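Enquirer:
Numbering (the numbering used here), first residue to last: 1 to 191.
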């Protein structure tokens with residue numbers, strides 16, 4: 001068995017490759033109703049079979065390509081979340097972008113800056129390693145903590161749309177945000 005690769009480290013968290021042993025935590029997070037309400041477009045948790053399939057077919061392969069990362073606490077080494085760059089688009093105009101996703105699954109570490117730092121680390125990976133020109137994301141309007149974290153990193157709102165989900169046709173407001181590499185470089189050099 002090869003050692004788990006460290007991708008990037010901050011002061012609070014480290015990004016590492018996912019390993020099969022992470023599946024149990026991943027399944028627990030995606031079965032949580034509160035997390036589903038903040039992250040899932042259908043607002044419903046995943047079943048164990050759904051989350052296992054998602055982990056095996058998407059998370060592990062993307063992790064091997066340095067597009068999906070396990071988030072570990074730097075102190076104590078605990079796995080606390082997962083994050084990814086998906087839906088990569090390369091246009092003939094030279095614009096290269098990806099959709100950013102993150103889940104801080106361990107709720108006892110919410111509101112400690114871990115998500116903000118993990119977002120900064122993934123953005124650095126996107127621009128420095130993958131040579132992207134922009135990173136996009138979608139976040140629900142009813143998740144103000146996430147919106148504030150993204151704004152701290154430098155993301156700006158570019159639009160909003162409404163989706164109607166579930167049998168009850170629940171109205172879901174989705175905010176679209178973007179961070180361009182040029183803006184990120186400016187923010188990184190400011191005192």
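We treat Cβ as the ideally placed atom computed from N, Cα and C, and that holds for glycine. Every value quoted in this text rests on a predicted model; they were computed, and no experiment measured them.
1) Using only CA atoms, which one of 117, 168, 50 lies nearest to residue 102?
2) In angstroms, rounded to a whole number, what distance separates the CA positions of residue 155 and residue 167?
3) Suppose contacts are defined by Cβ-Cβ distances below 7 Å. Is residue 136 in contact with residue 178 by that definition?
4) When the Cα atoms are used, what is the spatial distance from residue 70 to residue 183?
5) Would you kindly work out how many angstroms separate the C-alpha atoms of residue 63 and residue 17, rounded to a whole number?
6) Quick check: what's the CA-CA separation for residue 59 versus residue 93?
7) Which residues does DSSP list as the beta-bridge partners of residue 35?
8) Any idea if residue 45 is buried or exposed, counting beta-carbon neighbours within 10 angstroms, 16 or more meaning buried?
9) Check the DSSP bridge columns for residue 69 and list the partner residues they point to.
10) Could you pull the start and end residues of the alpha helix (DSSP H) that residue 145 belongs to?
11) Relative to the C-alpha of residue 38, which residue among 6, 130, 147, 180 is closest?
12) Taking 7 Å as the cut-off, decide whether the C-beta atoms of residue 124 and residue 85 are in contact.
13) Report the rounded CA-to-CA distance for residue 23 versus residue 51, giving the unit in angstroms.
14) Is residue 98 helix, strand or coil when you go by DSSP?
15) For residue 13 versus residue 66, is the C-beta distance shorter than 7 Å?
16) Cβ-heavy atom distance between residue 42 and the ligand HEM below 6 Å?
17) What's the C-alpha gap between residue 55 and residue 114?
Expert: This is what the structure gives:
1) Selected option, being the one with the closest Cα: 117.
2) Distance between the alpha carbons of residue 155 and residue 167: 33 Å.
3) In this structure, residue 178 lies closer than 7 Å to residue 136 by Cβ.
4) In this structure, the straight-line span from the alpha carbon of residue 70 to that of residue 183 is close to 26 Å.
5) Using only the alpha carbons, I get a separation of about 5 Å.
6) C-alpha separation (whole angstroms): 29 Å.
7) Its beta-bridge partners do not exist; DSSP assigns none.
8) Its Cβ being crowded by 16 or more others within 10 Å, residue 45 is buried.
9) According to DSSP, residue 69 bridges with 83.
10) Membership of residue 145 in the alpha helix (DSSP H) is indicated by the continuous run 144-153.
11) Residue 38 has its Cα closest to that of 147, out of 6, 130, 147, 180.
12) Not closer than 7 Å, so no.
13) Using only the alpha carbons, I get a separation of about 8 Å.
14) Residue 98 sits in a strand when the DSSP states are folded into three classes.
15) No, they are not a contact pair.
16) Looking at this structure, you won't find the ligand HEM or any other ligand, since it has none at all.
17) Their Cα atoms are separated by approximately 22 Å.
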